[in-house]
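Visitor: Residue numbers (our numbering): 3 to 740.
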Ligand code: MN
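Now the structure itself:
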């Protein structure tokens, strides 16, 4: 069939086209009748004729693509349907050649024509190159929800495009990767096509982070021998006991987890490749008859757990209660030899095939087993039905659609839309202000409020999946310190901090001018000792802070002038500072803290430790100790200064105190481990909690630990500052809650 025409294909190319076609024929031989085969042949000839001698970007004959799609459809998706197969062969004909749908209908009938038309429609849905828009989702899903075969052919098409993505322009690549991530992976997941889903994830990772991908791939190769030996030793006793005690045919496979999932684990746990222990899973497939398959799975489970200690928190029983996708199996993680955790999956052959081919395999069972009604394809039908209804209803909103599509893939991320429908992905917990900075730093800077789905909200509104967000701005609005307490993204945090730093600098400069002018007035120089007393009297940490407050008009200038005047008047008599502080109850008669005392507690807004400057606040439950610089105690002081008590530390506190540090820096691999190494191993500090939250290569975190005193903490800070990429280490101070 390749002889006719004036093709420019070489002999080798002709050979490979015929081979590809023969592979499709062989793969479908057990479900095609003789007439079916004739139709398939006709479709192949037609496609070949239409595509002619066009070539793909990779240089190979175009026809190899539809042939590959057809083969994926049969062998990897498990769809055994002649019309779908023909549609797969013809899927690009209308889009890429002169052929129209009517011609296809004439030659191949209504069903094929309808499938090809739907596939062409999807291809024609245009989305911008760098983002996937809500409208694209809608159109693609609407078309696919019409007939599940459209979705399956499209998945096969997309998988082959990804496998051969190398030849494409970078912009086109980016678009395909984004679409795959947001549309096709969730669909593959929902259809239970896990192998396709994880291959797509790996391909995305491969194209986006080629070096990281290659590194993990190489590590896997380097450790393959050792791993095989380990697995062999692990499964041997299991094999022996299944043979003796259960006696059904069975197979034990081991499967290395996907590269992208290994990478995700490294990221999530902040560890290197060596420290990801569950790199592979062992799978036991029992060839049990349907009536005893569940019992056999549980008996195998008890064999495995009697040989190896299970981690009971990691038992997943999807046999008693299958996943919504219909997935059935037992998963358990056990402690294997050499103290390594190993995940074991136990399932029957029927469950296995359903898992491998998803819901598609189940149709096969239904056809062959007297049309027994199945719960899976009812569930799938219901799901498709819901999507159809959603899309067709006049109140259709992308909110419902997204939650339908991404039920469990979006735990760490939130998907929201701009007013024009462009999709933005933010870390879960991100607020309207994060969104504003995501749009543009100027929008963030002048944001005053937002409208979410048409409803006005504050900037600290926590975004929900598929919110449509519009930011309201005002030229006069400016970033505030308080905003730092609710933004989640590194970008927003950095921009706000940058701005505040700039502002602070300007305020200090302004404060300096005011101060100097006033001092000149009183005949005092800036290095006069009285200034130090003033700072102390105002309980401020530094001259800079005093200037800042002057510059921002948050301190009463009259009070300062009173102080200095009084101070000068009383020169020579009782030091005025003492008088004033006694009046405020601050200096003499200070209560000693730092020993065991049930009535004294230490505030967790500022975590005071010996020998910080401290103050106490009287509450119903006793005295609470704060650092003098704590924002909370300063607020309390301004509300009711009579409840503030002077305090000092006992000279030799005998117990450790809880301190907290705030850490920020580059969210790189192994960061958490490095921090733990310094704190617990090198500095031997007792850690109470570590919380690191990272997104977009930047993290922020708080570590709580026990120390005896401040010098100890300072030496720890110094040691931590040696860690690569750790950019900020400060004493923790809780944001003010007003
Ligand atoms: Mn295609």
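Quick reminder that beta carbons are idealized off the backbone N, C-alpha and C, glycines included.
Please read these numbers as outputs of a predicted model, since none were measured by experiment.
1. Among 440, 436, 647, which one has its Cα closest to the Cα of residue 461?
2. Have a look at residue 663 and residue 609 and give me their C-alpha separation to the nearest angstrom.
3. Are the beta-carbon atoms of residue 669 and residue 696 separated by less than 7 Å?
4. Cβ of residue 32 within 6 Å of any heavy atom in the ligand MN?
5. Using only alpha-carbon positions, find the residue among 26, 56, 597, 491 that is nearest to residue 11.
6. Is residue 469 near the ligand MN, going by C-beta to nearest heavy atom under 6 Å?
7. Hey, how far is the Cα of residue 675 from the Cα of residue 684?
8. With 16 as the cutoff for other CB atoms within 10 Å, does residue 257 come out buried or exposed?
9. With a CB to CB cut of under 8 Å and the five nearest residues on each side skipped, what residues in its chain are close to residue 722?
10. Might you give, ordered along the chain, the residues of its own chain that have their beta carbon closer than 6 Å to the beta carbon of residue 638, omitting 5 neighbours on each side?
11. CB-CB under 6 Å to residue 597, same chain, minus the five flanking residues each way: which ones, in chain order?
12. Does the Cβ of residue 555 have 16 or more other Cβ atoms within 10 Å, making it buried, or fewer, making it exposed?
13. Applying the 10 Å Cβ sphere with the 16-neighbour rule, what's the burial state of residue 19?
14. What residue range does the beta strand (DSSP E) around residue 21 cover?
15. Apart from the five residues on each side of it in sequence, which residues of its chain come closer than 8 Å, Cβ to Cβ, to residue 600?
16. Can you tell me which residues form a DSSP beta bridge with residue 254?
17. If you draw a straight line from the alpha carbon of residue 484 to that of residue 714, how long is it in whole angstroms?
18. Rounded to whole angstroms, what is the Cα-Cα separation between residue 226 and residue 237?
19. Pick helix, strand or coil for residue 433, following the three-state DSSP scheme.
20. Kindly identify the DSSP beta-bridge partner or partners of residue 705.
21. Report buried or exposed for residue 251, applying the criterion of at least 16 other Cβ atoms within 10 angstroms of its Cβ.
22. State yes or no: is the C-beta of residue 94 nearer than 6 Å to some heavy atom of the ligand MN?
23. Could you tell me the boundaries of the alpha helix (DSSP H) in which residue 649 lies?
24. Quick one: what's got a C-beta closer than 6 Å to residue 333's C-beta in the same chain, skipping five residues either side?
25. Under 7 Å between the Cβ atoms of residue 118 and residue 73?
26. Give the straight-line distance between the Cα atoms of residue 297 and residue 331, rounded to the nearest whole angstrom.
27. Out of 43, 15, 718, point me to the one whose CA is closest to residue 28's CA.
28. Within 8 Å, do at least three Cβ pairs link the stretch 305-320 to the stretch 231-250?
29. Tell me which same chain residues have a C-beta within less than 6 Å of the C-beta of residue 548, skipping the five on either side of it?
30. Residue 178 and residue 190 look like a contact to me (Cβ under 8 Å); what is the Cβ gap, rounded to whole Å?
31. Label residue 63 either buried or exposed according to how many other C-beta atoms from any shown protein chain fall within 10 Å of its C-beta, with 16 as the threshold for buried.
32. Below 6 Å, is the gap between the Cβ of residue 289 and the nearest heavy atom of the ligand GTP?
33. Report yes if the CB atom of residue 474 is closer than 7 Å to the CB atom of residue 451, and no otherwise.
34. Can you tell me the Cα-Cα spacing of residue 321 and residue 595, whole angstroms?
35. Please tell me whether residue 70 and residue 162 are closer than 7 Å, where the distance is taken between their beta carbons.
36. Label residue 641 either buried or exposed according to how many other C-beta atoms from any shown protein chain fall within 10 Å of its C-beta, with 16 as the threshold for buried.
Guide: With the given structure in hand:
1. Here the question's residue 461 lines up with position 459 in the chain shown. When each option's Cα is compared against that of residue 461, the closest is 436.
2. Position 661 of the chain shown, counting from 1, holds the residue named residue 663. Position 607 of the chain shown, counting from 1, holds the residue named residue 609. For residue 663 and residue 609, the distance between alpha carbons rounds to 9 Å.
3. For the purposes of this step, residue 669 is taken as residue 667 along the chain shown, with counting starting at 1. For the purposes of this step, residue 696 is taken as residue 694 along the chain shown, with counting starting at 1. Yes. Within cutoff.
4. For the purposes of this step, residue 32 is taken as residue 30 along the chain shown, with counting starting at 1. Checking the Cβ of residue 32 against the ligand MN gives no.
5. Start at 1 with the first residue of the chain shown, and residue 11 comes out as number 9. Of the candidates 26, 56, 597, 491, the one whose C-alpha sits nearest the C-alpha of residue 11 is 56.
6. For the purposes of this step, residue 469 is identified with residue 467 of the chain shown, where counting begins at 1. Checking every heavy atom of the ligand MN against the Cβ of residue 469, none is found closer than 6 Å.
7. Here residue 675 refers to the residue found at position 673 of the chain shown. Here residue 684 refers to the residue found at position 682 of the chain shown. So the two alpha carbons sit approximately 12 Å from each other.
8. In the chain shown, residue 257 corresponds to position 255, counting from 1. Result: exposed.
9. As a first step, residue 722 must be located in the chain shown, where it is residue number 720. Counting only Cβ-Cβ distances below 8 Å, and skipping sequence neighbours, we find 663, 665, 677, 680, 681, 728, 731.
10. Reading the chain shown from its first residue, position 636 is the one you call residue 638. Excluding sequence neighbours, residue 638 sits near 619.
11. Taking the chain shown and counting its residues from 1, the one referred to as residue 597 is at position 595. 652, listed in sequence order.
12. Sequence index remark: in the chain shown, residue 555 carries index 553 (1-based). Answer is exposed; the Cβ neighbour count stays below 16.
13. Position 17 of the chain shown, counted from the first residue, corresponds to residue 19. Classification of residue 19: buried, given that the 10 Å Cβ count is 16 or more.
14. Within the chain shown, numbered from 1, the residue matching residue 21 stands at position 19. Unbroken run through residue 21 is the alpha helix (DSSP H), 13-30; no beta strand (DSSP E).
15. Taking the first residue of the chain shown as 1, we reach residue 600 at position 598. So the list reads 624, once near-sequence residues are dropped.
16. On the chain shown, residue 254 is found 252 positions in, with the first residue counted as 1. Answer is 286, bridged to residue 254.
17. Position 482 of the chain shown, counted from the first residue, corresponds to residue 484. Position 712 of the chain shown, counted from the first residue, corresponds to residue 714. When rounded, the distance between both Cα atoms is 31 Å.
18. On the chain shown, position 224 is the one that residue 226 refers to. On the chain shown, position 235 is the one that residue 237 refers to. Taking the straight line from one Cα to the other gives about 16 Å.
19. Position 431 of the chain shown holds residue 433. Looking at residue 433 - three-state DSSP - the assignment turns out to be strand.
20. Against the chain shown, residue 705 aligns to sequence position 703. Its beta-bridge partners are 663, 692.
21. Mapped onto the chain shown, residue 251 falls at position 249. Under this definition residue 251 is an exposed residue.
22. Here residue 94 corresponds to residue number 92 of the chain shown, with the count starting at 1. True, at least one ligand heavy atom lies under 6 Å from that Cβ.
23. Residue 649 sits at position 647 when you count from the first residue of the chain shown. First-last for residue 649: 646-651, but that is the beta strand (DSSP E), not the alpha helix (DSSP H).
24. Taking the first residue of the chain shown as 1, we reach residue 333 at position 331. Only 318, 347 meet the Cβ criterion.
25. Here residue 118 refers to the residue found at position 116 when the chain shown is read from its first residue. Here residue 73 refers to the residue found at position 71 when the chain shown is read from its first residue. Result no, Cβ atoms of residue 118 and residue 73 do not sit closer than 7 Å.
26. In the chain shown, counting from the first residue as 1, residue 297 sits at position 295. In the chain shown, counting from the first residue as 1, residue 331 sits at position 329. Cα to Cα, the separation comes out at about 12 Å.
27. As a position in the chain shown, residue 28 is number 26, starting the count at 1. The candidate whose alpha carbon is nearest that of residue 28 is 43.
28. They touch, by the three-pair rule.
29. Residue 548 sits at position 546 when you count from the first residue of the chain shown. Result list for residue 548: 537, 542, in chain order.
30. As a position in the chain shown, residue 178 is number 176, starting the count at 1. As a position in the chain shown, residue 190 is number 188, starting the count at 1. Contact doesn't hold; Cβ gap of about 15 Å is too wide.
31. Your numbering for residue 63 matches position 61 in the chain shown. Of the other Cβ atoms in all chains shown, 16 or more fall within 10 Å of the Cβ of residue 63; this residue is therefore buried.
32. Absence of the ligand GTP is noted for the structure shown, with the ligand MN being the only ligands found.
33. The residue you call residue 474 lines up with position 472 of the chain shown. The residue you call residue 451 lines up with position 449 of the chain shown. For residue 474 and residue 451, yes; Cβs fall inside 7 Å.
34. For this step, residue 321 is matched to residue 319 along the chain shown. For this step, residue 595 is matched to residue 593 along the chain shown. Approximately 59 Å between the Cα atoms of the pair.
35. Locating residue 70 in the chain shown gives position 68, where the first residue counts as 1. Locating residue 162 in the chain shown gives position 160, where the first residue counts as 1. Yes, the pair counts as a contact, with Cβ atoms nearer than the cut-off.
36. Position 639 of the chain shown, counted from the first residue, corresponds to residue 641. Exposed, by the Cβ-count rule.
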